[in-house]
Amino acid sequence: MEPILKSLKLSNVCYDIRGPVLARAREMEEEGHRIIKLNIGNPAPFGFEAPEEILQDVIRNMDQASGYTDSKGLFAARKAIMHYTQQKKIAGVTIDDIIIGNGVSELIVMAMQALLNNGDQILVPMPDYPLWTAAVTLAGGSPRHYRCNEEDGWLPDLEDMEAKITANTRGIVLINPNNPTGSLYPADFLLKVIEIARHHKLVIFADEIYDKVLYDGNVHTSVASLADDVLFVTFNGLSKNYRTCGYRAGWLVVSGEKRHAQDYIEGLNMLASMRLCANVPGQLAIQTALGGYQSINDLVAPTGRLCKQRDLAYEMLTAIPGVSCVKPAAAMYLFPKLDPEIYPIKDDQQFILDLLLEEKVLLVQGTGFNWKTPDHFRVVFLPNVDDLTEAINRIARFLEHYRKT
Ligand code: PLP
1 MEPILKSLKL
11 SNVCYDIRGP
21 VLARAREMEE
31 EGHRIIKLNI
41 GNPAPFGFEA
51 PEEILQDVIR
61 NMDQASGYTD
71 SKGLFAARKA
81 IMHYTQQKKI
91 AGVTIDDIII
101 GNGVSELIVM
111 AMQALLNNGD
121 QILVPMPDYP
131 LWTAAVTLAG
141 GSPRHYRCNE
151 EDGWLPDLED
161 MEAKITANTR
171 GIVLINPNNP
181 TGSLYPADFL
191 LKVIEIARHH
201 KLVIFADEIY
211 DKVLYDGNVH
221 TSVASLADDV
231 LFVTFNGLSK
241 NYRTCGYRAG
251 WLVVSGEKRH
261 AQDYIEGLNM
271 LASMRLCANV
281 PGQLAIQTAL
291 GGYQSINDLV
301 APTGRLCKQR
311 DLAYEMLTAI
321 PGVSCVKPAA
331 AMYLFPKLDP
341 EIYPIKDDQQ
351 FILDLLLEEK
361 VLLVQGTGFN
371 WKTPDHFRVV
381 FLPNVDDLTE
391 AINRIARFLE
401 HYRKT
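Just so we're aligned, residue 1 is where the sequence shown starts under full-length UniProt numbering, counting upward by one.
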């Protein structure tokens, strides 16, 4: 029989966070091994429960959740998002500029599908959250990766960004706060990116899903709050700030120079209609979440669980010979570097697989985030202090063994 082949559209689409190493980890678990997982930014399994207030509200309103809503989402939820954009000083946003989706993931795919023709290019950070690269590719576009500089706290390299612009470039993706590096971009830097977008007539896609997961008193600036003559599509949601990844509640906000983007906005609206509406129980959580007690603040405060875990993971990892790391200012990840003189890794997926097999610790390799050289890995610092300590001790033991062989 002829094999049934997947679409050619998927040929270059890649999403390694849930790739082959995870599949092997699952098999090992089925064989009875306990794996310490530092691979996925999903707070709930690590005891970061959804705020009780949100949970109760969703349960209470479930009887209103059986029908479809407006394709763009529940009015009350969009109103709350509109108020949130006002708090973030994004000007001129109306209810109509907001689309609620099944998580930011769905909306990233929609935003790329609605914009790109075959061969159009989008500037994506390197390293990136790989869904962006995958979504551009799936939409027939071509991701052009601009470098972020580790020695500059992982800030995007503006010269490299500008050098990658061609006549086919349509937009710039900014992931701020950043996954996987944990970096946070200051307003004066964002203004320079806006200048580039303005000059080359590019859309700015701002993924701000970690905008409340901030340490050391840091403050987040929405890039869309800094100009009104560039088109911005800003993404946010409940997954991380409210520890409710499973609710699949995210949104996008169109702002800035909307007048010249009516056709694109129509495209976005059409794709939103085609999938009827986002999951309604998730939508029901939005108003309470945004208006309620912001309990993430307790977790990221110096005495909070997330902050303590960040500090511990950072201290322990950077104490390993040949491992360096920029301390994350935000989000829930570290992206350490392995000195290639000490660890001459050829294939970092194999390296991560060997770590899994030898030490039962699961990470994601740097190349999974479109980082080009096999000398980084990402650590999720969600596990509790005991598990983190155990996991990093095992990583240290594995690296010591690696150095000596
Ligand atoms: N954007 C970034 C930068 C992320 O890290 C993630 C999830 O890890 C997402 C988007 C997807 O979020 P959602 O759960 O809203 O689909």
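C-beta: ideal position from N, C-alpha, C; glycine also.
Tell me the DSSP bridge mates of residue i?
i      : result
Tyr293 : Answer is none; Tyr293 lacks a bridge partner.
Cys148 : Pro156
Ser324 : Lys337
Gly101 : Gly250
Leu214 : Ala330
Leu231 : Gly256
Ile90  : Answer is none; Ile90 lacks a bridge partner.
Compare the C-alpha of residue i against each of the options and name the closest.
i      : options                        : result
Phe381 : Asn179, Ala249, Met270         : Asn179
Asp152 : Gln283, Asn117, Pro186, Thr133 : Pro186
Ala135 : Asn118, Asn149, Thr318, Arg147 : Asn118
Thr137 : Glu30, Leu10, Ser66            : Leu10
Arg78  : Val219, Ala278, Asn241, Pro344 : Ala278
Ser324 : Tyr247, Leu214, Ala396         : Ala396
Leu317 : Ala330, Asp339, Pro302, Ile296 : Asp339
Ala76  : Gly171, Ala289, Val173, Ser225 : Ala289
His260 : Asp229, Gly246, Cys245, Leu284 : Asp229
Arg275 : Met110, Lys212, Asp63, Ile4    : Met110
Val379 : Val361, Asp298, Pro281, Asp157 : Val361
Arg248 : Gln64, Ala80, Gly103           : Gly103
Leu399 : Lys337, Leu268, Asn370         : Lys337
Phe232 : Met62, Ala44, Gly47, Ala91     : Ala91
Asn61  : Leu284, Gln294, Ile36          : Leu284
Asp63  : Val253, Val280, Pro344, Leu8   : Val280
Any heavy atom of ligand 1 inside 7 Å of the beta-carbon of residue i?
i      : result
Val230 : no
Val233 : no
Tyr129 : yes
Ser105 : yes
Asn117 : no
Gly41  : yes
Ser222 : no
Ser239 : yes
Ile395 : no
Cys148 : no
Cys14  : no
Asn179 : yes
Asp207 : yes
Ile54  : no
Cys245 : yes
Gly47  : no
Gly250 : yes
Ile320 : no
Val175 : The sequence as given places Ile at residue 175; Val does not occur at that position. It does: the Cβ of Ile175 is within 7 Å (strictly closer) of some heavy atom of ligand 1.
Assuming residue i and residue j form a contact by the criterion Cβ under 8 Å, report the distance between their Cβ atoms to the nearest whole angstrom.
i      : j      : result
Pro321 : Ile342 : 7 Å
Met332 : Gly41  : 5 Å
Ile208 : Phe235 : Rather than Ile, the amino acid found at residue 208 in this sequence is Glu. Indeed, because the Cβ distance is near 6 Å, the residues count as touching under 8 Å.
Ile296 : Lys212 : 5 Å
Ile204 : Ile172 : 5 Å
Leu123 : Arg147 : About 11 Å; that fails the 8 Å criterion.
Would you call the region 90-106 and the region 300-311 touching, i.e. three or more CB-CB distances under 8 Å? Contact fails: fewer than three Cβ-Cβ distances are below 8 Å.
For the region 44-54 and the region 183-197, state whether three or more C-beta atom pairs, one from each stretch, are separated by less than 8 Å. no
Quick one: any contact between the region 348-363 and the region 295-305, if contact means 3 or more CB pairs under 8 Å? no
Does the structure place the region 214-226 close enough to the region 361-372 that three or more beta carbon pairs sit under 8 Å? no
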